[in-house]
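Novice: After the structure tokens below, expect a handful of questions from me.
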Amino acid sequence: MDTKVVIRRDQWKPGSAMEIKRGVKDWKVIYPETGFPVKSLVLGVVEVEPNNSTPLHKHNCEEVYYVLDGEGVVEINGVKYEIKANDSVYIKENTPHRVFNTGKTTLRYVAVAGIMFVPLLPNWPTESPYEFVGEK
1 MDTKVVIRRD QWKPGSAMEI KRGVKDWKVI YPETGFPVKS LVLGVVEVEP NNSTPLHKHN
61 CEEVYYVLDG EGVVEINGVK YEIKANDSVY IKENTPHRVF NTGKTTLRYV AVAGIMFVPL
121 LPNWPTESPY EFVGEK
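Structure (structure tokens):
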């Protein structure tokens, strides 16, 4: 059997724990759940509606974002940084962070992170790889 290398938009999977917040959609794109034999990285697309935010959380891996559309603020360890389309963000492991949409349109960004949020294997997928550290 060939290794999966391409995924179409209609094959993305919703349901990440980040969706506990109203107005947040966290799409699993390159994940074990979407058929990829990934060993060290996962890739998702996050959509945050205007006047909403992702929950404050942290995880045991680095994470990077690339902003596709919209504008907002990323809070990392209590410090807020403005972000907009074409910006990139680095988040160190075990650092509390969240994203606020301060614009008038959906804020969309690509999130790439290490797959080892928590000791996942051989029990992937886990209920939640996130540790929520603030309001939900």
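Per full-length UniProt numbering, the sequence shown starts with residue 1, numbered consecutively.
Idealized CB from N, CA, C, for every residue including glycine.
Can you give the Cα-Cα distance for His57 and Lys39, rounded to whole angstroms?
Specialist: 23 Å
Novice: Would you give the residue range spanned by the beta strand (DSSP E) that Trp27 belongs to?
Specialist: Residues 24–30.
Novice: Determine the burial state of Lys84: buried for a count of at least 16 other Cβ atoms within 10 Å of its Cβ, exposed for fewer.
Specialist: Lys84 is exposed by the Cβ-count criterion.
Novice: Which runs of the beta strand (DSSP E) spanning at least 3 residues fall entirely within the UniProt domain "Cupin type-2" (45–112), listed in chain order?
Specialist: 63–69, 71–76, 79–84, 88–91, 97–101
Novice: Using the beta-carbon count (16 or more within 10 Å), is Arg98 buried or exposed?
Specialist: buried
Novice: What residue from Asp69, Asn52, Val45 has the CA that sits closest to Val29's CA?
Specialist: Val45
Novice: For Ile91 versus Leu41, is the C-beta distance shorter than 8 Å?
Specialist: no
Novice: From the DSSP secondary-structure annotation, give me the bridge partner or partners of Gly114.
Specialist: In DSSP, Gly114 forms a bridge with Leu41.
Novice: With the cut-off set at 8 Å, would you say residue 139 and Leu68 are in Cβ contact?
Specialist: Shown here, the chain extends from 1 to 136; a query on residue 139 therefore has no answer.
Novice: Can you name, in chain order, every residue of its own chain whose Cβ lies under 7 Å from the Cβ of Gln11, other than the five neighbours on each side?
Specialist: Thr34
Novice: In terms of DSSP beta bridges, what is Lys13 paired with?
Specialist: Lys28
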